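Contents: one structure, followed by commentary.
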Amino acid sequence: MDQCYRIKSDNNQIPLPAKNNQGYTIGDILAESKDKEALDLIFHILQEHKKRFNAIDKKLNDIKNIIDHYSPIIKNLAETKKAPSSESLDLPQNILIVDDDPNVVKTFKMILEGAGYTVDTANNAMDAMRKVSRIHFDLVIVDMNLPDTLGDELAERLYAINKKLNIIMITGYSNYKDQLERNLERIEVLMKPVNPEELVAVTKRTLQKR
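Residue numbers for the sequence shown, in the working numbering: 195 to 404.
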């Protein structure tokens, strides 16, 4: 068989290399052995590689779509960021994000840092209280459902540490919103999913309440 030999399977034609390392074509070997299982095995291997490449291509497209979605928002926030002035220097800059979801923490941190704030993070209530007792924060963004307590309980403990602290509560339960705003002082409530532009706007409004 020569280098024009092709395997035909499911209407696909797959060209084989002309020679292997020993001087024989794969077509020669298969022609001599007449082993249909070998043909099926080769076709199966090629199909598996095709599936894997398709899966990788899909993941890359998903990542590209995420980047395309958030890039204009981040770029817009960066462009609207102003140079420090006497007024802006009076605004609080230190924010603590308390959430056990690393993806949420990473996204919020990227958005707020892009808007010009200094951001720290904590993944549970105990870590948040430890940081607030040692570091000055002007705003704490708290998820309602934490692994070691509820967000409103953490808010009360944080107020006991710093009475002037501002808090934004993040929740996916609409029935909590009115209750939280009624029972806690200096608090804003954002409903999930949180829009990046809304996050920046509410953060700025809350910090200006000082």
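Built from N, CA and C at the ideal position, the CB exists for glycine as well.
What you are looking at is a predicted structure, and each value in this text was computed from that prediction instead of being measured.
1. Identify whether Val383 lies in helix, strand or coil by the three-state DSSP scheme.
2. What separation, rounded to the nearest whole angstrom, lies between the Cα atoms of Asp204 and Leu254?
3. Find the nearest neighbour of Ser368 within the set Glu391, Met338, Ala349, judged by alpha-carbon distance.
4. Rounding to the nearest angstrom, what Cα-Cα distance links Gln241 and Asp234 in this structure?
5. Quick one: grab the DSSP three-state call for Thr343.
6. The alpha helix (DSSP H) spanning Val394 covers which residue range?
7. Of all the alpha helix (DSSP H) runs that stay within the bounds of the region 312-358, which reach a length of 4 or more residues?
8. Is it the case that the CB of Arg399 approaches a heavy atom of the ligand PLP more closely than 7 Å?
9. Going by C-alpha distance, which of Glu347, Met320, Phe331 is nearest Met363?
Once the coordinates are examined:
1. Along the sequence shown, read from residue 1 onward, the residue named residue 383 stands at position 189. Under the three-state reduction of DSSP, Val383 is assigned to strand.
2. The residue you call residue 204 lines up with position 10 of the sequence shown. The residue you call residue 254 lines up with position 60 of the sequence shown. Because the pLDDT of Asp204 is 46, which lies under 50, any placement of that residue in the model is unreliable, and the number read from its coordinates should be weighed accordingly. Roughly 28 Å separates the two Cα atoms.
3. Taking the first residue of the sequence shown as 1, we reach residue 368 at position 174. The candidate whose alpha carbon is nearest that of Ser368 is Met338.
4. Taking the first residue of the sequence shown as 1, we reach residue 241 at position 47. Taking the first residue of the sequence shown as 1, we reach residue 234 at position 40. Linking Gln241 to Asp234 through their CA atoms gives a straight-line distance of about 10 Å.
5. Stepping through the sequence shown from its first residue, residue 343 is reached at position 149. Coil at Thr343, not helix or strand.
6. As a first step, residue 394 must be located in the sequence shown, where it is residue number 200. Going by DSSP, Val394 is part of the alpha helix (DSSP H) stretching over 390-401.
7. With a minimum length of 4 residues, the continuous alpha helix (DSSP H) runs that stay inside the region 312-358 are 319-328, 345-355.
8. This structure lacks the ligand PLP, and indeed carries no ligand of any kind.
9. If you number the sequence shown from 1, residue 363 lands on position 169. Minimum Cα distance to Met363 is reached at Glu347.
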